[in-house]
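Note sheet for the following structure.
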Amino acid sequence: MNNSQESEQESRIEAKKVLRKKLLEERLPLSQKQELAADLRQVLRVSGCWGGQTR
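Our numbering puts the first residue of the sequence shown at 347, with every later residue one more than the last.
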């Protein structure tokens with residue numbers, strides 16, 4: 347149980363990082379936005395937060 351609580355906390359921290367990145371994204375050119383979006387998808391996939399896609 348403790349382990350699942352830890353990973354839940356980690357995913358919350360990850361989500362905060364993602365939000366921060368999204369805010370920064372607004373000031374970036376499109377090519378960098380696309381790179382960041384790919385990074386975000388990778389992070390979400392690794393942390394298991396990416397909606398239903400587990401590839």
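Glycine included, every Cβ here is placed at the ideal spot set by N, Cα and C. The model shown is predicted, which means the values in this text are computed figures rather than measured ones.
Consider the C-beta atom of residue i and the heavy atoms of the ligand MG; say whether any pair is separated by less than 7 Å.
| i | result |
| --- | --- |
| S377 | Inclusion of the ligand MG in the displayed structure is not the case, the ligand content being empty and no account of it being possible. |
Taking only three categories from DSSP, how would you classify residue i?
| i | result |
| --- | --- |
| L386 | helix |
| E352 | helix |
| R376 | It is Leu, not Arg, that sits at residue 376 in the sequence shown. Of the three classes helix, strand and coil, the one that applies to L376 here is helix, per DSSP. |
Please go through the same chain and pick out, in chain order, the residues whose beta-carbon is closer than 8 Å to the beta-carbon of residue i, but skip the five residues on each side of it.
| i | result |
| --- | --- |
| L376 | none |
| L374 | L382 |
| Q351 | none |
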